[in-house]
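Participant: Take this structure first; my questions come after.
Residue numbers (the numbering used here): 3 to 409.
Listed below in structure tokens is the structure:
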């Protein structure tokens, strides 16, 4: 399998979820893409609609990037409907914004199941709130397909089907970016406002020797701090060569800028989930690495090209990041799960049956890490991820756009 170096999965605390979240369309599996534009002479699907739902924090500043996940699901659904639907059934997507409120999250899922009659949750992007409605969804037999799969439930619940990298591996893959770039001493910054953010330090410390680097420093930083000069000097004094950023993009940008003013320019590593195009255009981010839990949206392979083309047609204003690609992959996986369904209309049971029939170590044409769905057991996901680097105001792939796995 190109780009894959191994399949060892690291097992770490589910607290990785708090750290990460706080800080081809339906068809054949042969990788052949299809134009995003509707094919001519394709009749509108006349069957009973297939209803799916997506829930998450999709409003406010934080929601501006996470909303890319349901946007991608909706774009896939529109493309699918313009190309005949799934076995003649149109796909309807219902999106619920829970505003990161636990009570609203549970109410949203109940509404999707009981009122909208969804047969699956697809492309959700929760702020760690899956645990609030996990039991309810299981009682109703509702399968949950990605998008963001960092929550612990994707490693423990058989009805949660990850379509991106899980939290247990993601921290290690982030640390691995430093090794790929040729650096040994790793540091991390995390938000001071939320105690759970600082769990990153113990997770990075634990992952570092597994990857083959050294954890040298972890600092909690506050968004209200006027200058990060002292923190930069502290990291430089400890010999930190690469810094993982578990902070908001605004804080990350200020931190990098303040360090540069002191002549301290380590490698900075930022998450792909919250990436926006303006990040690359800001010269302060030159050289920064992105650690991606889902496929590189800017790649030249058929799957990535189809994703970009479809988004440009049906959701042109959505930021392209791994929130979007994880949502897209979840929708594609949903479509493939129902490709051979015979029920009219398809049911949740059909979705589950189709998912369990997927091959072991499935990569969905390179869009997901090697993943195996298992009946009655949680899915297994190989410790593989994608990387990018900002160069000249653009995203580049110094290590290629195929998934790289830990040795």
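Every residue gets a Cβ at the ideal spot worked out from N, C-alpha and C, and that includes glycine.
Under the DSSP definition of a beta bridge, which residues are partnered with residue 219?
Facilitator: In DSSP, residue 219 forms a bridge with 189.
Participant: Quick one: using the 10 Å Cβ neighbour count with 16 as the cut-off for buried, is residue 273 buried or exposed?
Facilitator: Residue 273 comes out buried.
Participant: Work out the CA separation of residue 169 and residue 224 for me, nearest whole Å.
Facilitator: For residue 224 and residue 169, the distance between alpha carbons rounds to 24 angstroms.
Participant: Locate the alpha helix (DSSP H) running through residue 179, then write down its first and last residues.
Facilitator: Residue 179 -> alpha helix (DSSP H) spans 169-182.
Participant: Using the rule of at least 16 other Cβ atoms within 10 Å of the residue's Cβ for burial, across every protein chain shown, is residue 34 buried or exposed?
Facilitator: Below a pLDDT of 50, predicted positions are generally treated as unreliable, and residue 34, at 36, falls in that range; no measurement from the model is reported.
Participant: By DSSP, does residue 131 sit in helix, in strand, or in coil?
Facilitator: Coil.
Participant: Taking only the alpha-carbon atoms, compute the straight-line gap between residue 125 and residue 158 and give it to the nearest angstrom.
Facilitator: Answer to the nearest angstrom: the Cα atoms are 18 angstroms apart.
Participant: Assuming residue 405 contacts residue 387 under a Cβ cut-off of 8 angstroms, what Cβ separation, rounded to an integer in Å, is found between them?
Facilitator: Their Cβ separation, rounded to whole angstroms, is 7 angstroms, which keeps residue 405 and residue 387 in contact under 8 angstroms.
Participant: Identify whether residue 262 lies in helix, strand or coil by the three-state DSSP scheme.
Facilitator: Here residue 262 sits in helix by DSSP.
Participant: I need the boundaries of the alpha helix (DSSP H) containing residue 381, first residue and last residue.
Facilitator: Element bounds for residue 381: not the alpha helix (DSSP H) but the beta strand (DSSP E), 379-383.
Participant: Based on Cα-Cα distance, which residue from 88, 59, 68, 57 lies nearest to residue 50?
Facilitator: Checking every option, the nearest Cα to that of residue 50 belongs to 88.
Participant: Taking Cβ to Cβ, would you say residue 129 is nearer than 8 angstroms to residue 86?
Facilitator: No, the pair does not count as a contact, with Cβ atoms beyond the cut-off.
Participant: Do you know offhand how far residue 344's Cα is from residue 350's?
Facilitator: Roughly 13 angstroms between the two C-alpha positions.
Participant: If you count every other CB in all the chains shown that lies within 10 Å of the CB of residue 98, and 16 or more means buried, which is it?
Facilitator: The residue is buried, with at least 16 neighbouring Cβ atoms inside 10 Å.
Participant: Can you look up residue 267 in the DSSP assignment and give me helix, strand or coil?
Facilitator: Residue 267 falls in the coil class under three-state DSSP.
Participant: Over the uninterrupted alpha helix (DSSP H) stretch that includes residue 294, give me the two end residues.
Facilitator: Per DSSP, residue 294 belongs to no alpha helix (DSSP H); it is in the beta strand (DSSP E), 291-294.
Participant: Whole angstroms is fine: what's the gap from residue 383's alpha carbon to residue 149's?
Facilitator: Taking the straight line from one Cα to the other gives about 14 angstroms.
Participant: Report back the beta-carbon spacing between residue 426 and residue 295 to the nearest angstrom; my notes put them in contact at under 8 angstroms.
Facilitator: This structure does not reach residue 426, given that the chain is present from 3 up to 409, and the question cannot be answered.
Participant: What is the rounded straight-line gap between the Cα of residue 279 and the Cα of residue 401?
Facilitator: Approximately 21 angstroms, taken between the alpha carbons.
Participant: Compare the C-alpha of residue 155 against each of 135, 173, 174, 143 and name the closest.
Facilitator: When each option's Cα is compared against that of residue 155, the closest is 135.
Participant: Residue 338: buried (16+ other C-beta within 10 angstroms of its C-beta) or exposed?
Facilitator: Classification for residue 338: buried.
Participant: Kindly give me the distance between the Cβ atoms of residue 326 and residue 70, rounded to whole angstroms, as I take these residues to be in contact under 8 angstroms.
Facilitator: The pair is a contact, with the Cβ atoms about 4 angstroms apart (cut-off 8 angstroms).
Participant: Assuming residue 354 contacts residue 257 (C-beta within less than 8 angstroms), just tell me the rounded distance between them.
Facilitator: Going by Cβ atoms, the distance from residue 354 to residue 257 rounds to 44 angstroms, so no, they are not a contact pair.
Participant: In terms of residue numbering, what span does the alpha helix (DSSP H) encompassing residue 98 cover?
Facilitator: First-last for residue 98: 93-99, but that is the beta strand (DSSP E), not the alpha helix (DSSP H).
Participant: Between residue 365 and the ligand PLP, is the CB less than 7 angstroms from at least one heavy atom?
Facilitator: Summarising the ligand content, the structure contains no ligands, and the ligand PLP is consequently not present.
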